[in-house]
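With our numbering, letter number 154 in the sequence shown gets 262, and the count goes up by one each step, no holes. We treat Cβ as the ideally placed atom computed from N, Cα and C, and that holds for glycine. Below you'll find the structure, written out as structure tokens, and then a few comments.
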Amino acid sequence: MGIRQWIGAAALTLPLLAQAQGSTEIQPLAAEMMPLAQGKSLLLDVVDTGKRLVAVGERGHIVGSLDGKSWVQVPTPTRSTLTAVSFPDASNGWAVGHDAVILRSRDGGRSWIIQHFAPEFEKPFLDVLFLNPKHGIAVGAYSLMYVTHDGGDTWEELDTEIREDEWHFNAIARLNNGNLFIVGESGTLAMSSDEGETWESLDSPYSSSMFDLAPVGESGVLIVGLRGNAFMTDDVNDPDWRQIDLGSENSLIGATQLSTGEAAMVGINGVIYKTSGGLRDIEVLDNPAGITLAAVQEVKGALIVVGEAGAQFIQNN
């Protein structure tokens, strides 16, 4: 089970499920508008659209902010826990989560519609990446992988050999050289050099779960996972993995590349790390809440972190 799936399930209140009259098909219910959802409930991912911040989390909650300090909940058509969000531009966005739900926004995250909902799968999506407003890939538990080439109007399951072992795909991202990269359960690493049409498995420096990744330099990547394990390579095409010593066994759940080319990492027990010196030196940042974090995003020199205490603004000096 992916860590975002585990965190979400731990706090998930199962929604009541409405049925269409005369049909047994499960229908989604709209998320409840709740005061604590405004930056205080469990949030699992956050993105900067270029105009505002959008964060997603439990019970279908989506919240937005202009400054990372005050947050407002927006209506959504689902109560399924949302695990990830992606905006290829300031207007078009997608969020995914439990019940294999996929939501779309065309107005910068102010409103959302359902594009996919399949609770009968019993497989959550754990991450989503849109390369442009038409082409997107959603990945999840048990090697769930769906692709769209029309902005999500239609989604199809991708047939690829990297899915054969049915390990969880926990995160997908685009590296600075254009390659796509996946990390997952049991040391799963996979890469695509043709925008996700074909994939190849890579040897992993760690045999257990990796939960997130961040681009490094022109063609490198940082991967993070269980028990404080973090590794980086300068070239994914000929990887020479170097372990980053964090001096802690707190599992790492989220990572992001900073505008300086360095990286930030967050995880269990509220740990926040920032690198320097080409990812060789580590600084531990103070987290007043001290509660598990799931994702991190840089905005105007600060860090926005999200997790069990909602969203926090962390000054990045």
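Chain-order list of residues whose beta-carbon lies under 8 Å from that of residue i (same chain, five-residue window excluded)
i: T262; result: T256
Residue i classed as buried or exposed, judged by whether at least 16 other C-beta atoms fall within 10 angstroms
i: T306; result: exposed
i: I361; result: buried
i: E308; result: exposed
i: R388; result: exposed
i: P183; result: exposed
i: N345; result: exposed
i: T368; result: exposed
i: Q420; result: buried
i: S384; result: exposed
DSSP beta-bridge partners of residue i
i: H276; result: H276 pairs with nothing; no bridge assigned.
i: Y254; result: A246 and E265
i: T341; result: V329
i: D156; result: L161
i: E391; result: K382
Three-state secondary structure (DSSP) of residue i
i: G386; result: coil
i: A403; result: strand
i: F225; result: coil
i: Q129; result: Since pLDDT at Q129 reaches only 29, below the 50 mark, its modelled position is unreliable, and the value read off the structure follows with that caveat. In this structure, Q129 counts as coil in the three-state DSSP scheme.
i: D346; result: coil
i: A208; result: helix
i: G418; result: strand
i: R187; result: coil
i: E293; result: helix
i: R282; result: strand
i: G336; result: helix
i: E308; result: strand
6 Å CB neighbourhood of residue i in its chain, flanking five on each side removed
i: A138; result: P185
i: I380; result: V374, L393 and N395
i: S312; result: G295 and L297
i: S194; result: W202, V236, L237 and F238
Own chain partners of residue i with C-beta closer than 7 Å, once the 5 adjacent residues on each side are dropped
i: S300; result: N287, L288, T306 and W307
Check whether the segment 347 to 354 touches the segment 318 to 325, counting contact only when three or more Cβ pairs, one atom from each stretch, lie closer than 8 Å. no
Inter-stretch contact (C-beta, 8 Å, three-pair minimum) for the segment 207 to 224 and the segment 267 to 280: Taking 8 Å as the limit for Cβ pairs, the verdict is that the segment 267 to 280 does not touch the segment 207 to 224.
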